[in-house]
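These notes concern the structure reproduced below.
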Amino acid sequence: MINRSKSNVDYWLALRLVPRLAIHKKRALVETFGLTALFSFNSQPSVLTSANGLSAKQLSYFYRPNWQYITQIIHASSICNSDIVCFDDMRYPQLLKQIYDPPLVLFIQGNSSLLNAPQLAVVGSRSASAGGRDTAFSLCEQLAQQNIVITSGLALGIDAAAHRGALNEDTGTIAVVATGLDQVYPARHLSLAQQIIASGGAVISEFLPGTPARAGHFPKRNRLISGLSLGVLVVEAELKSGSLITARCALEQNREVFAIPSSIKNQQAKGCHWLIKQGAKLVEQCADIIEEFAFAEQPSLHLNSKEQLLMPVVQDTNRGVDEKNQKGLCNDALLASVGFEITPVDKVVLRSELPVEEVLTRLTMLELSGLVTAVPGGYIRTQ
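Printed below as a string of structure tokens:
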């Protein structure tokens, strides 16, 4: 490995690699000691004294950072033509900094100037109807004509239709993915990802090169899709779907939520209809979205008096968790941290002693399994 001087990126990656330490705690350490000082030999006694419960393993990442591995990450990022944008980089998206757990490092292929452009997230079912895909394509084409960047997840169905609609204009589109940027998931969207980059768009990820697609990565990806955007448009979604998770993330991040209605016989639209009942804005045309941002400095959700977007509790006979998996979830230490009364996320983090990002991911999985329910102020255990 060639010796080289350490850059700001090296230190942010070193901090990124410290295991099981919540992002907000990492940021607090940077604010207290300074980024490079955290990894300076002379500063270690001070850090050790003030680390507030850092484990021996975590402290070892400050004492002895694996600079060779960090150099390999930077090299792998270069090989797949991605830039590394750190939290203090001027290119880092300002809207993303406002969320509770923004990633310290982003990997970006393509046009990084889009990161701070006005964006609308468009999400929906992977198994969308032809009508749903057509609607997403048409609306995103029209929104792109209004210089709004369409941000989605490169998934099958609505995501792909949204990107393709935006590609008909020169505004650019952003794909937020749940893998390292040295691979494309799903593989069939390799050509679409290449089109996005070639047309002045961007593909971004918080995951290191070499990271494969895993179930737990997608909820984390969803919080970035909404966090980058002024609002989230849900085109088609079932009652239990990742799209509704993205909508809830949008609410928690103080973003606008929009939903498109459909036939009452369309099972793919049940989630959209439920969102509308909760106060999401019904969208029939591009103007319904544009007018929400024309007169307000900050987006806000038109919600009912509950003030929170609750995930619906439904009996899903087609996609239930099997008994073996459910037993495993019941024994999960994080589940034990959620009470039968309203339990704030901060309290779940404190009880479980897990990083915030891991808690959010695992709460999402528990929620999809029906073991917990999101309520105003936190979560309630259902069984």
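Heads up: the sequence shown begins at 1 in the numbering used here, then just goes up one per residue. Just so it is clear, CB atoms sit at the ideal spot from N, CA and C, and this is done for glycine as well.
Contact check, residue i vs residue j, beta carbons under 8 Å
i	j	result
P186	L156	yes
L230	P118	yes
V177	S138	no
D10	C80	no
P219	T361	yes
S77	F107	yes
T151	A121	yes
Q268	G132	yes
L335	L368	no
L15	L38	yes
T173	I148	no
I158	S125	yes
Residue i - DSSP class collapsed to helix/strand/coil
i	result
Q22	Reading off the sequence, residue 22 comes out as Ala, not Gln. Coil.
L120	strand
V349	helix
F62	helix
G320	Here the model assigns G320 a pLDDT of 37, short of 50, so the residue's position is not dependable and the matter cannot be decided.
T343	strand
R164	helix
N266	coil
A14	helix
T211	coil
K57	helix
L228	coil
E169	coil
S127	coil
D288	helix
R188	helix
G271	helix
Y69	helix
M219	Here the sequence assigns Pro to residue 219, which means Met is not the residue at that position. P219: helix per DSSP, three-state reduction.
Q194	helix
Nearest-angstrom Cα separation, counted from residue j out to residue i
i	j	result
M90	T373	38 Å
L366	S5	45 Å
S55	S40	18 Å
E236	L59	46 Å
N66	E357	23 Å
N304	G279	Only weak support exists for where N304 lies, its pLDDT of 40 falling under 50; the value from the coordinates is given anyway. Their Cα atoms are separated by approximately 6 Å.
Q253	F62	31 Å
A166	D346	38 Å
A247	G227	11 Å
E291	E256	12 Å
Q98	A136	28 Å
D8	D83	Before going on, a small fix: residue 8 reads as Asn here, not Asp. Rounded to whole angstroms, N8 to D83 spans 13 Å at the Cα level.
K240	L251	17 Å
H217	R223	10 Å
L13	P261	43 Å
K26	R20	10 Å
R64	L29	17 Å
S337	G200	45 Å
L143	Y69	42 Å
I245	V375	13 Å
S113	A215	30 Å
V234	G377	24 Å
T36	C249	32 Å
E169	S263	30 Å
I225	E284	22 Å
Extent of the continuous alpha helix (DSSP H) to which residue i belongs
i	result
L132	Contrary to the premise, residue 132 reads as Gly rather than Leu in this sequence. It spans A130 to Q145 - the alpha helix (DSSP H) in which G132 sits, taken as one unbroken run.
A259	A259 -> not in any alpha helix (DSSP H); beta strand (DSSP E) instead, spanning E256 to A259.
V356	V356 to L368
K6	Taken as a continuous stretch (DSSP letters only), K6 belongs to no alpha helix (DSSP H), as it is neither H nor E.
L96	Q94 to K97
L115	Segment: none, L115 is in no alpha helix (DSSP H) and carries neither H nor E.
A336	A333 to A336
Residue span of the beta strand (DSSP E) that contains residue i, given as start and end
i	result
T373	V372 to V375
L233	G231 to V234
F378	Sequence check: residue 378 is Gly here, not Phe. Here the beta strand (DSSP E) through G378 covers G378 to R381.
E238	Where E238 is concerned, there is no enclosing beta strand (DSSP E), given that its DSSP letter is neither H nor E.
In DSSP terms, what residue i is bridged to
i	result
G200	Beta-bridge pairing links G200 to no other residue.
D83	I108
I174	T151 and A202
L282	A259
Closer than 8 Å to chain D by CB, residue i
i	result
I70	Judged by its chain identifiers, the structure shown contains no chain D, having just a single protein chain.
Residue i: CB within 7 Å of a non-hydrogen atom of the ligand MN
i	result
V18	The model on display carries no ligand, and the ligand MN is accordingly not part of it.
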